[in-house]
Amino acid sequence: MSMYFDVGDETLWNPSNGAGRLFLRQLEVFEAELGMPSGVGHRHEGDPDTLEVDPAVYAAFVRRLVAWHGRTGHSVILALSEGFVATAVALAWRAGIEVELPPPGLGPVAGAVQPDVQVPGHPRPAPATRLTALDTRAREVDRWMPR
5 MSMYFDVGDE
15 TLWNPSNGAG
25 RLFLRQLEVF
35 EAELGMPSGV
45 GHRHEGDPDT
55 LEVDPAVYAA
65 FVRRLVAWHG
75 RTGHSVILAL
85 SEGFVATAVA
95 LAWRAGIEVE
105 LPPPGLGPVA
115 GAVQPDVQVP
125 GHPRPAPATR
135 LTALDTRARE
145 VDRWMPR
């Protein structure tokens, strides 16, 4: 069995049920983390395998997700989120959504409260390096995503 992520009559992604369920569960986590809906939902009640992607809502969600990913400096959070963010970006590209990587230097504001501080503070790749890696990873994932 498989799932379908569609925009209108176009299928953007046709993953196995396992991959699709995992993606949906991670969507829920990041909807809560970002405090906004993703724009991905069931097309028809009673049809758990077909999901509709609302391009306008999904565009706002994935852009905020990428900005969040670019700003975090916590190595474990980055490790936990990288694959999901790359998959979300690849799905956005397939929906015709332009996702720009935020410019380097949009890290935490000096003096601002940083709720997730990396301790110990080992050096991490610079935001520009992380965002370039995200772009590369999203292109790789896009090649693996069946339609």
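Add 4 to the 1-based position in the sequence shown for my numbering, that's all there is to it. We put the beta carbon where it would ideally sit given N, CA and C, even for glycine. Nothing here was measured: the structure is a model prediction, and the numbers come from that model.
**Q.** Residue interval of the alpha helix (DSSP H) (run including E35)
**A.** N21 to L38
Q: Within its chain, find whatever has a CB closer than 7 Å to the CB of N222; leave out the 5 residues flanking it on each side and keep chain order.
A: Residue 222 falls outside the range modelled here, since the chain spans only 5 to 151, and no answer is possible.
**Q.** Spatial neighbours of I101 in its chain, beta-carbon cut-off 7 Å, leaving aside the 5 residues before and after
**A.** P59, Y62, A63 and V66
Q.
Judging by CA-CA distance, which residue of V145, L38 and R29 is the nearest neighbour of R98?
A. Among V145, L38 and R29, the Cα nearest to that of R98 is on V145.
Q: Entirely within the segment 32-79 and at least 4 residues each: give me those alpha helix (DSSP H) ranges in chain order.
A: 59-75
Q.
On the criterion of 16 or more Cβ atoms from any shown chain inside 10 Å, does H73 qualify as buried, or is it exposed?
A. buried
Q. Helix, strand or coil: how does DSSP classify V11 here?
A. strand
**Q.** Pair within 8 Å by beta-carbon distance, R47 and L55
**A.** yes
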